[in-house]
Amino acid sequence: MSHDKSSPDFLYHHFYDVNQQYETSKLGMWAFILTEVLTFGGLFVAYTIYRAWNPEMFFNANLLLDVNKGLINTIVLIASSLTMALAIWAIQLNKRKLSLLMLFLTFVCALGFLGIKYLEYEHKFHLGQLPGEYYSYMGPEVVQEIHDQEKINHYIETNNIFFDKETNRLYTMNNPHIFFGIYFIMTGLHGLHVAIGMGLIAWLMVLTARGKLHARYYTHMEAVGIFWHLVDLIWIFLFPLFYLIG
Amino acid sequence: MDRLTEYLFPKQVSSFAHDIDNLFFFIFYASVVLFLIVVIGMMYLAIKYRFKKGDEVRLTSSLDHNTFLEVLFFVIPLILVTITFVWGIRSYLNMVIVPDDAIEIKVTGQSWFWTFDYPEGGSTLNELVVPVETPIKIVLSSTDVLHSFYIPVMRAKMDVLPNRYNVMWFDANQAGEYEIFCTEYCGTGHSNMNAKVIVMPQKMYEVWLAEAGSADDDLPLEELGAKLYSKKACNTCHTLDGTALVGPSYLQTSQMWGQERVFDDGSSAIIDENYVRSSILEPQIQIVAGYQGVMPTYQGLLNDRELDALIAFLKTLKEDSQI
Amino acid sequence: MGDTNQNYLTHPKGIMSWLLTLDHKRIGLMYLFGGLFFFFVGGLLALGMRAELAAPGNDFVSNDTYNSMYTLHGAIMIFLFIIPAIPGALGNILLPLMLGAKDVAFPRLNLFSFYLYSIGAIFFIYVLLSGGVDTGWTFYTPYSTTSNTNVMSTTMGIFIIGFSSILTGLNFIATVHKMRTPGLTWYKLPLFVWALYGTSLVQITATPVIAITMVLLMLERLLGIGIFDPAMGGDPVLFQHFFWFYSHPAVYIMILPAFGIISEIIPVHSRKKVWGYKFIAYSTLSIAFIGFLVWGHHMFTSGQSVLSQIVFSFITYFVGIPTGVKIFSWMLTMYKGQVSFTPPMLYALSFLFLFTIGGLTGIFLGAVALDIHLHDTYFVVAHFHYVMQGGTIVAFLGGLHHWWPKSFGTMYNQTIANIAAIGVFIAFNGTFFPQFLLGLRGMPRRYATYDPQFVEVHSYSTFWSGILGISIFIGVMNLLWSLRKSNKLDPGTNPWGALTMEWTHTSSPPHPHNFEEEPVLTHGPYDYDKVIVKPTFKK
Amino acid sequence: MSEEHHITPLKTYLVVATALFFLTAVTVWASYIDLGSFNIVLALLIAGTKAGVVATFFMHLLWDDKKNATIFVGSLMFLSIFIIITLTDTEFRGAVNPEIKDPINKRAALYSTLPLTDDHGYPLDKENNHHEGDKDHH
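Protein chains in written order, with our numbering: chain A, 1 to 246; chain B, 1001 to 1323; chain C, 2001 to 2539; chain D, 3001 to 3138.
Put into structure tokens, the structure is as follows:
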């Protein structure tokens, strides 16, 4: 048997009609989102358990992260989500050029996100705030790192740090390398998703520019959009969990 | 039933062993009944309604459910598992709540032997000595990987974790010598990581405690060495017959006495008393080529006389020695 | 009917048409032969282990070799055979046919997941040839972070195969939801489809967690991140939570499709409407769900909190009840039917026998106090072999015999198949039933050498394991032997008189596009009270 | 057919994005107020709201087949199962036998060259009985 001869060229042979194909792809994409949520979920579990075990260490280690960079990245990602949504909106109305522009903006935002992430990582690598056994950050720089003088005072007052004058070393907390381990894995995996998302958006731009996507057929863009919003959604949780431990 | 218990289970030595075996038999008989219902029912139906030669292929009954039966299948197992669950938890709480008057013995698992530290200060290797009819609290920890401390006759088992304590307890009701197994996989020597629990009458235990460590003082060095060889678990990794296990055979070391031995970093040393001594106390420094350096240090586990005894024993070994 | 000679096996031709095929039936066949190959490898490892255990000492292999053998036996059987075999092979071949669809929802993804499986398999072959891995398939830390064997390659292999499993599950879910032929409502679906659907749900929800666990394990080895390794401040019990959050549901990934196969075989070969259709369907889903809540019963001696012990023991029993009712439903399906003792039916009956033992012995292990004695002993080994081999593999062999004429258009020698089926049944019991006794007496698992008191039972078990190996080998060779050219059946053959769509609406072997005309649903899958289809054998 | 797909008005997107920016500001502001353990609850509530808004409007769940929303909610449910049941272990260890509550060494072997410290970073080799009272600060 063969499908309706009048069916458009973007309809795969094993579907009855365009709508079935669109809905199937979307369902598949959502099932994929479920697997993504659970992949990150494992890391959220590790985070929860270790934070519950070491609340003070998490608090202290969180002070070493740069809230401003995290905040900028949050804003950048939300903006990119908006432009991604608008790209779909534009293609639904067959405004291809507008859609292309919005995809481009999304791509730029993603690039910006990774750039800021790079600056953050670079700084931490430099200081030795690394995961696991590579963690070597025990120098007194910690005091210079925190910009909020009130926090420094609070920090020392509550005896969470111990400064040993003989060795000129600062013992901050128990096992901070675990915090940084979880931080790097979660933000690293998230960053990997951003990079993959950029690849997908670039691919969408090519498809849109070639006119393959239009108001009747934009499944690819819808699927990538869902993926991209998921990336945003995960960051929405990572931001307060790592940067804003009150 | 007692004979069946004896056939199926090891002896019941702890106070809760009897209860656990009874729980087993409760589930066992319930299972046998359910199993027979399924198997006999299945065979009866399959044979009664079999398609015989010459039968006509025909439409069959449209019967496809019976609410009463389905509810019954639901309720009967529910009752059985509820009893099992409550029984299992009640017995478990009994096994996990340690009596206040328990003697506390510290057990350390290490690849691949057990160390037992007694409250009075003594310590033994691969031989746990406990008094009869006294609750014993076992506090477990490991120095390397996971182990699991299992005494079948006590029906007691608990994983041994590195950097974390675990607790179990038992009270033995019969004197005797019973097996201890490691049941959490821990590497090459896992299946050799056995020990004994020796349950003694109270009086004997007190005598043993007082004598522990001093009893061997008057043995000749070589005999003491032979005793330590198995008591301190050297035999887990070093044979006397020349075959290589985890570590080199004592026989080989003995035969090479005075000769040079090559290590995995390319260096070498003459085999003499000092070499053997440092190999026991600091085994990680010189690792014989071809072996993995997995031996733990015996620093603090052997006194000077015991070290001398092991060296003396090693030097006596010949091709035909039978120990 | 159009050109009756055109079927998916011969059209199109050429090796590339197989390697790049998007046809679910061909992908299914590739999974089938991949799975059978690893079944063979895993089986050889098992026989090697039994040979070593015939006598107490190190008579056959060293401790290290034994440890590597049991690890690879477990990992290969689970990750390369049981998990992919039924969904990947039988599921792929049959799911679209049973739904009246032309293909699965995402054919390219389907091929991609087969290639992921192959890449994972290459990792395993590398591990096998390069000296093995000795951590046990459970990879408990900190042994797995310190072992100097091939842990990295193995975890990488599992990570990749995990994605293959996820993508297959995702594909099947979309297929079941969206690709059913018009008129095929949920309650008209064959029960095998329900089973695959439940399996797929478990696959996509549980497998991501093993993927991230394997990543964390690799990072623990590379960087010492300190989540699982106590030397770095981590918690080994937490690793066990992570591991079993996947690996307990994975048991249902393995057993649910077997339930599906049995739910097909018994009504067809009893020519009788299935008993309790809705119950079997719903219990599949409820088992899949409850399976996520009980992982801690693998950790009753790990030192988790007492509260967890109680919670896990309690929920564990709720998996047992729906499973029990299923067994009764299958049994009662035969009531007032016409039962033929064909090879698939013999496998199904032996499944009922063996799986009942496997299920009931699970009750012993769910009772915390008793589990403390039995944990990590041969009782557990026997229990899960009764479930996995006596359950899943026996059902798989039954399913293979049931759908062999459909997949290849040939019929095997039924007498030999029956003898092999009975041989598997007897030898299986001979091998594994004594192991319950070993466990009760306190014989720990994963021992290369053991106390001489256990030798009698061990050598008995070893003897029967040889017969078991031979029986399975004969069974599978009998199937493969039927593939010779002279053995072709008429494309219209329906040897069992089955009513599901893959038998009534397409030829054997099926057309490359599954159905020559759009399938029109005329009856339900088990309407043996309304429709007669006579079994036909035509050469 | 694709023509039937719901097209969300531009205004909705802009309103949603504004709400997201606003909530981001709120969450940063809230982190500077000391609410004790309620800080984390509030942060997660805000993050949850943001996530809900993204899923509902940007990801089009509001207008989609309800199956998709079910899958998404399902993924969160399975994640909660994982977290909650694991917490029944990690939070309740030592309830019967207090020995098993904490690790023996709180500091990883990584820091073995440093003196051991207690929860508060004090080296254990110094006499520090006074900080028993310090716990009241927290």
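Every residue gets a Cβ at the ideal spot worked out from N, C-alpha and C, and that includes glycine.
Asked	Found
Along the chain, where does the beta strand (DSSP E) containing CYS1234(B) start, and where does it finish?	Taken as a continuous stretch (DSSP letters only), CYS1234(B) belongs to no beta strand (DSSP E), as it is neither H nor E.
So with Cβ pairs under 8 Å, would you call ALA3025(D) a contact of chain C?	no
Looking at the C-beta of ILE3104(D), does it have a partner C-beta in chain A at a distance below 8 Å?	no
By the 10 Å Cβ neighbour count, where 16 or more other Cβ atoms means buried, how is LEU2170(C) classified, buried or exposed?	buried
Need the endpoints of the alpha helix (DSSP H) that ILE2290(C) sits in, please.	2277–2290
Beta carbons nearer than 8 Å to chain A: which residues of the region 3067–3081 of chain D have them?	LYS3067, ASN3068, ILE3071, PHE3072, GLY3074, SER3075, LEU3076, PHE3078, LEU3079
Use the C-beta contact count for GLU1206(B): other C-beta atoms within 10 angstroms, 16 or more gives buried, fewer gives exposed.	exposed
Taking ASP2103(C) as the query, report the chain A residues whose CB atoms sit under 7 Å from its CB, ordered along the chain.	HIS14
Since GLY2475(C) and ALA2420(C) are thought to touch, with beta carbons under 8 Å apart, how far apart are those beta carbons, to the nearest angstrom?	3 Å
Which of the three DSSP states is assigned to TRP1112(B) in this structure?	coil
Of all the alpha helix (DSSP H) runs that stay within the bounds of the region 2210–2261 of chain C, which reach a length of 4 or more residues?	none
When the Cβ atoms of the region 1266–1273 of chain B are set against those of the region 1216–1231 of chain B, are three or more pairs found closer than 8 Å?	no
Given a cut-off of 8 Å, decide if TYR2460(C) and PRO2434(C) are closer than it, judged by their beta-carbon atoms.	yes
Can you tell which of VAL108(A), PHE179(A), LEU11(A), LEU192(A) has the C-alpha that lies nearest to the C-alpha of TRP235(A)?	LEU192(A)
Hey, which unbroken runs of the alpha helix (DSSP H) at 4 residues or more fall wholly within the region 57–116 of chain A?	67–92
Going by Cα to Cα distance, which pick from ASP2229(C), GLY2324(C), THR2181(C), LEU2191(C) is closest to THR2141(C)?	ASP2229(C)
In this structure, does DSSP put ASN160(A) in helix, strand or coil?	Low confidence applies here, because ASN160(A) scores a pLDDT of 45, under 50, leaving its location unreliable and the question unanswered by this model.
Could you tell me the distance, in whole angstroms, from the CA atom of ASN168(A) to the CA atom of LEU63(A)?	For ASN168(A), the predicted structure reports a pLDDT of 43, less than 50, and the residue's modelled location is therefore unreliable. A value from the coordinates is still provided. Going from the Cα of ASN168(A) to the Cα of LEU63(A) covers about 21 Å.
If you draw a straight line from the alpha carbon of HIS126(A) to that of GLY112(A), how long is it in whole angstroms?	21 Å
For a contact meaning CB atoms closer than 8 Å, what does ILE3007(D) contact in chain A?	TRP89, GLN92, LEU93
Where does SER2305(C) land, buried or exposed, given buried means 16+ other C-beta within 10 angstroms?	buried
How would you list, in chain order, the residues of chain D whose beta-carbon sits under 9 Å from the beta-carbon of TYR37(A)?	One point to set straight first is that residue 37(A) is Val, not Tyr, in the sequence displayed. In chain order: PHE3072, SER3075, LEU3076, PHE3078, LEU3079.
Just the Cα atoms here: how many angstroms apart are ILE1311(B) and MET186(A)?	55 Å
Which chain A residues sit within Cβ distance under 8 Å of THR3090(D)?	ILE49, ALA52, TRP53
How should ILE2266(C) be labelled, buried or exposed, when 16 other C-beta atoms within 10 angstroms of its C-beta is the threshold for buried?	buried
For my contact list, GLY1293(B) and GLN1299(B) are in at a C-beta cut-off of 8 Å; report their separation, rounded to the angstrom.	About 16 Å; that fails the 8 Å criterion.
Please decide whether ASP44(A) counts as near chain D, where near means a Cβ-Cβ distance under 8 Å.	What sits at residue 44(A) in the sequence shown is Phe, not Asp. Closer than 8 Å: yes.
By alpha-carbon positions, which one of ALA2258(C), GLY2362(C), LEU2022(C), PHE2112(C) ends up nearest to PRO2344(C)?	ALA2258(C)
Report yes or no: do the region 1040–1050 of chain B and the region 2360–2378 of chain C share at least 3 C-beta pairs separated by less than 8 Å?	no
What residues from chain D crowd round TYR1165(B), counting only those whose CB sits closer than 7 Å?	GLU3099, ILE3100, ILE3104
Rounded to the nearest angstrom, what separates GLY2442(C) and THR1297(B) at their Cα positions?	31 Å
Taking CB distances under 8 Å as the criterion, tell me whether VAL3096(D) reaches chain C.	yes
Thinking ALA2101(C) and MET2179(C) are a contact (beta carbons under 8 Å), I'd like their distance in whole angstroms, please.	4 Å
Consider the Cβ of LEU2352(C): report whether some Cβ of chain B lies at a distance smaller than 8 Å.	yes
LYS1157(B) versus chain C: which residues are under 8 Å apart at the beta carbon?	THR2301, ILE2372, HIS2373, HIS2375, ASP2376
Would SER2302(C) and GLN2240(C) be called neighbours here (beta carbons separated by less than 8 Å)?	yes
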